[in-house]
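For reference, the structure discussed in these notes is given below.
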Amino acid sequence: MEKILWQHIQTVKKTSPLVHNITNYVVMNNTANALLAAGASPIMSHAQEEVGDMVGICQALVINIGTLDPYWVRSMILAVNKANELSKPWVLDPVGAGATDYRNRTLSDLLALRPTVIRGNASEIMALAKANVSHTKGVDSTAESNEAIDAAISLNKEYGSVVCVSGAIDIVVDNDQTLYLRNGSPLMTKVTGLGCSATSIIGAFIGVVSNKSEAVAAAMSLLAISGELGSKQSSGPGTLQVELLDKLHNITETEFMNTIRISRN
Amino acid sequence: MEKILWQHIQTVKKTSPLVHNITNYVVMNNTANALLAAGASPIMSHAQEEVGDMVGICQALVINIGTLDPYWVRSMILAVNKANELSKPWVLDPVGAGATDYRNRTLSDLLALRPTVIRGNASEIMALAKANVSHTKGVDSTAESNEAIDAAISLNKEYGSVVCVSGAIDIVVDNDQTLYLRNGSPLMTKVTGLGCSATSIIGAFIGVVSNKSEAVAAAMSLLAISGELGSKQSSGPGTLQVELLDKLHNITETEFMNTIRISRN
Amino acid sequence: MEKILWQHIQTVKKTSPLVHNITNYVVMNNTANALLAAGASPIMSHAQEEVGDMVGICQALVINIGTLDPYWVRSMILAVNKANELSKPWVLDPVGAGATDYRNRTLSDLLALRPTVIRGNASEIMALAKANVSHTKGVDSTAESNEAIDAAISLNKEYGSVVCVSGAIDIVVDNDQTLYLRNGSPLMTKVTGLGCSATSIIGAFIGVVSNKSEAVAAAMSLLAISGELGSKQSSGPGTLQVELLDKLHNITETEFMNTIRISRN
Numbered sequence: 001m002e003k004i005l006w007q008h009i010q011t012v013k014k015t016s017p018l019v020h021n022i023t024n025y026v027v028m029n030n031t032a033n034a035l036l037a038a039g040a041s042p043i044m045s046h047a048q049e050e051v052g053d054m055v056g057i058c059q060a061l062v063i064n065i066g067t068l069d070p071y072w073v074r075s076m077i078l079a080v081n082k083a084n085e086l087s088k089p090w091v092l093d094p095v096g097a098g099a100t101d102y103r104n105r106t107l108s109d110l111l112a113l114r115p116t117v118i119r120g121n122a123s124e125i126m127a128l129a130k131a132n133v134s135h136t137k138g139v140d141s142t143a144e145s146n147e148a149i150d151a152a153i154s155l156n157k158e159y160g161s162v163v164c165v166s167g168a169i170d171i172v173v174d175n176d177q178t179l180y181l182r183n184g185s186p187l188m189t190k191v192t193g194l195g196c197s198a199t200s201i202i203g204a205f206i207g208v209v210s211n212k213s214e215a216v217a218a219a220m221s222l223l224a225i226s227g228e229l230g231s232k233q234s235s236g237p238g239t240l241q242v243e244l245l246d247k248l249h250n251i252t253e254t255e256f257m258n259t260i261r262i263s264r265n
Numbered sequence: 266m267e268k269i270l271w272q273h274i275q276t277v278k279k280t281s282p283l284v285h286n287i288t289n290y291v292v293m294n295n296t297a298n299a300l301l302a303a304g305a306s307p308i309m310s311h312a313q314e315e316v317g318d319m320v321g322i323c324q325a326l327v328i329n330i331g332t333l334d335p336y337w338v339r340s341m342i343l344a345v346n347k348a349n350e351l352s353k354p355w356v357l358d359p360v361g362a363g364a365t366d367y368r369n370r371t372l373s374d375l376l377a378l379r380p381t382v383i384r385g386n387a388s389e390i391m392a393l394a395k396a397n398v399s400h401t402k403g404v405d406s407t408a409e410s411n412e413a414i415d416a417a418i419s420l421n422k423e424y425g426s427v428v429c430v431s432g433a434i435d436i437v438v439d440n441d442q443t444l445y446l447r448n449g450s451p452l453m454t455k456v457t458g459l460g461c462s463a464t465s466i467i468g469a470f471i472g473v474v475s476n477k478s479e480a481v482a483a484a485m486s487l488l489a490i491s492g493e494l495g496s497k498q499s500s501g502p503g504t505l506q507v508e509l510l511d512k513l514h515n516i517t518e519t520e521f522m523n524t525i526r527i528s529r530n
Numbered sequence: 531m532e533k534i535l536w537q538h539i540q541t542v543k544k545t546s547p548l549v550h551n552i553t554n555y556v557v558m559n560n561t562a563n564a565l566l567a568a569g570a571s572p573i574m575s576h577a578q579e580e581v582g583d584m585v586g587i588c589q590a591l592v593i594n595i596g597t598l599d600p601y602w603v604r605s606m607i608l609a610v611n612k613a614n615e616l617s618k619p620w621v622l623d624p625v626g627a628g629a630t631d632y633r634n635r636t637l638s639d640l641l642a643l644r645p646t647v648i649r650g651n652a653s654e655i656m657a658l659a660k661a662n663v664s665h666t667k668g669v670d671s672t673a674e675s676n677e678a679i680d681a682a683i684s685l686n687k688e689y690g691s692v693v694c695v696s697g698a699i700d701i702v703v704d705n706d707q708t709l710y711l712r713n714g715s716p717l718m719t720k721v722t723g724l725g726c727s728a729t730s731i732i733g734a735f736i737g738v739v740s741n742k743s744e745a746v747a748a749a750m751s752l753l754a755i756s757g758e759l760g761s762k763q764s765s766g767p768g769t770l771q772v773e774l775l776d777k778l779h780n781i782t783e784t785e786f787m788n789t790i791r792i793s794r795n
């Protein structure tokens, strides 16, 4: 398994998939940098005049509702419909699910279009599955990842999406298989947008890897291990952001294989 | 006084207030990182469908007009009205006050809603108070902080807002008290958005500290001291941005107490 | 020539030109930081209520279509018309030219307003000149700079713009003169928005240097040399972004003169 994930990481670096992001304002810059460091090519575009065309030239689509508004939501729907029409994979990041009715209604519309992958923290995944009605505390995770597994399984069954619950342990749910990835660093929660970076990197991997749960596991392990190794050279969240990008770019097979802690159930 | 400010810094770290930001595109990422590093939780949201709900779940609201346009201004007004209705504190950052009539008109509307705190550089505070009709040179400070004290006092009297004039010396005006904070580094003027970060950190502090002028002084001293200590390990504005975030996260009581230079008049 | 370019760099630092940017969401933060580090003052503003006023107080205007949409395009046209009316220089960054019909139509409208300078990668410049109908691969360069010289010459002849084709070799075309700048580092392609930063720095230089091709060559050499020197102290794209900003701020005449490799034809 670990070896296959490393091969997928190399596939992304070699093929440099073009990833179309309709994402939030806060993270556009570090998301683009994370995609470049991982070897992919980012596109950010939201105009209704061109989102369909952009989907047409990209390998995958990333939808992140972090700073949604009506114009951007219409663009997201247009882009997703085009991706579905062209059978291109897309990943949904339900930022702040449960925080407002507007987010919930928007997410309901997007879920109905059956994302290839959904990635969120435990609060978001539970809100998405209505398995839990507690309020999301902003965009941070307030529930432990493992409490959200039932929610992930129900989303997977209902929409066919591979579901990734990220947190101290990252969990990937698809059909009857659940993967547990135990990498990362607590300091990563002090850098804004690493969850959003994870989602975009997933976009890169599902664009070129046919096995979607492997693609998600490869993307999440690349980011978590880069953060874990980067945090050892960091004195705080500022340096971590820098070191993480370096490691996404420079990580060696030996580093990856010696650090990854993954199991399945 | 210094000891009380440190306690407020600890209060923010312990309670992790949720801060709703309607701010400008340029600084969203580093503002979010500054809030996380200081121990708060950032939310960025501007859709009219949800800004009221977001205010409802947050401890404080930050309004920054840096890249204003009519949609965003309406969202700001909606959010401020909700904050006032719920008696939640809010802080106004009048970026570029005086540069255009549109900014001045917008700021006039926002001032009428009586911000809990106003933070700007000397040019902006003077433009806001109409104490000075010279043109703002962009978003940098062209007038010395101390020249703006009269403007700050007049704003404080008219709107009841605590007014912070940031610059080489940060000044906090409230009622008959004026605080002078002599920390920071000239290199901080070469990093974009540190003023905006200051405003957002003020948002975090007024969300959980009842004495608003102490809250502002604590926020400003945390940022200025983090910048001052960070600049000693920096070879330019790139490293300063990184070191400042690390220090916001890691600063110790000894570092803080040994560095702070605050006086009142 | 090299000495003159260094003098122009000093002119920017001494005069600190105010540069109005209507640019894309992805790069606003690092563009603003690059302008500050180079000694200029950034303004970012897009509201139709004020873009004309902003042009009025700035020395130059930067138009970058990276995340264009109809509202922003109208703002761009308004701002450019004002710049032309006031005889202020402006630079066009045709991000993603050729990728979609919408971008091509928008660029056609902007070209008709005769930019003072155009800066793009080889793919973009060729798409702009319709010299090549291959699809742009996102915002990265897929064609070698020197293949785009014919396209640059044709744009220069048709619109009178100084044209800069950036890439492994940066090329500056104006009238019968072509400059070749051989600085930089391959790692710069892994940091998002350095092309956009180049364009904004060009904005600063054309704002205060009357010879526009010298202004472009000075801006491009400053950025490329800062990246080249910065990359020597970098272990990846994360550190490069930081080191590059430091070097833009700190570069000495000796470093500049010992590193620059420029020739004309």
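Residue numbers (this note's numbering), protein chains in the order written: chain D, 1 to 265; chain Z, 266 to 530; chain F, 531 to 795.
Idealized CB from N, CA, C, for every residue including glycine.
Nonlocal neighbours in the same chain, by C-beta distance under 6 Å from residue i, ignoring five residues either side
{"i": "Ser684/F", "result": "Ala659"}
{"i": "Asn24/D", "result": "Asn64, Gly66 and Thr67"}
For residue i: DSSP bridge partner residues
{"i": "Met44/D", "result": "Asn21/D"}
{"i": "Leu92/D", "result": "Ile63/D and Ile118/D"}
{"i": "Gln707/F", "result": "Asp704/F"}
{"i": "Val163/D", "result": "Ile118/D and Val173/D"}
{"i": "Ser542/Z", "result": "Past the boundaries of the shown model lies residue 542/Z; chain Z is included only from 266 to 530, so the question cannot be answered."}
is_contact[residue i, chain Z] using C-beta, thresh 9 Å
{"i": "Lys14/D", "result": "no"}
{"i": "Arg74/D", "result": "no"}
{"i": "Asn250/D", "result": "no"}
{"i": "Asn30/D", "result": "yes"}
{"i": "Leu566/F", "result": "yes"}
{"i": "Arg119/D", "result": "no"}
{"i": "Arg182/D", "result": "no"}
{"i": "Leu598/F", "result": "no"}
{"i": "Arg103/D", "result": "yes"}
{"i": "Val191/D", "result": "yes"}
{"i": "Gln578/F", "result": "yes"}
Residues near residue i by beta carbon distance below 7 Å, same chain, minus five either side
{"i": "Ser740/F", "result": "none"}
{"i": "Asp374/Z", "result": "Ile342"}
{"i": "Met266/Z", "result": "Ile527"}
{"i": "Ser764/F", "result": "Leu717, Leu770 and Glu773"}
Residue i at chain F interface by Cβ criterion, 9 Å
{"i": "Val292/Z", "result": "yes"}
{"i": "Leu107/D", "result": "no"}
{"i": "Asn64/D", "result": "no"}
{"i": "Asn289/Z", "result": "yes"}
Cutoff 9 Å: residue i Cβ touching any chain D Cβ
{"i": "Met309/Z", "result": "yes"}
{"i": "Gly668/F", "result": "Annotation note: pLDDT 49 at Gly668/F (below 50); position unreliable, no value reported."}
{"i": "Thr519/Z", "result": "no"}
{"i": "Leu509/Z", "result": "yes"}
{"i": "Gly766/F", "result": "yes"}
Cβ neighbour criterion (16 or more within 10 Å) applied to residue i
{"i": "Ser87/D", "result": "exposed"}
{"i": "Asn258/D", "result": "exposed"}
{"i": "Ser793/F", "result": "exposed"}
{"i": "Met485/Z", "result": "buried"}
{"i": "Ala577/F", "result": "buried"}
{"i": "Lys777/F", "result": "buried"}
{"i": "Glu85/D", "result": "exposed"}
{"i": "Asn440/Z", "result": "exposed"}
CB-CB length for residue i against residue j, believed under 8 Å
{"i": "Arg649/F", "j": "Thr729/F", "result": "5 Å"}
{"i": "Ser696/F", "j": "Gly725/F", "result": "6 Å"}
{"i": "Val438/Z", "j": "Thr280/Z", "result": "The Cβ separation is near 27 Å, so there is no contact."}
{"i": "Ile699/F", "j": "Tyr689/F", "result": "So it is not a contact: roughly 23 Å between Cβ atoms."}
{"i": "Leu35/D", "j": "Ile201/D", "result": "7 Å"}
{"i": "Val556/F", "j": "Gly723/F", "result": "6 Å"}
{"i": "Glu744/F", "j": "Leu535/F", "result": "7 Å"}
{"i": "Met584/F", "j": "Thr365/Z", "result": "6 Å"}
Close beta carbons around residue i, own chain, < 8 Å, minus the five adjacent residues each side
{"i": "Val113/D", "result": "Before going further, note that residue 113/D is Leu rather than Val in the sequence given. Cβ within range, chain order: Ile77, Val80, Asn81 and Asn84."}
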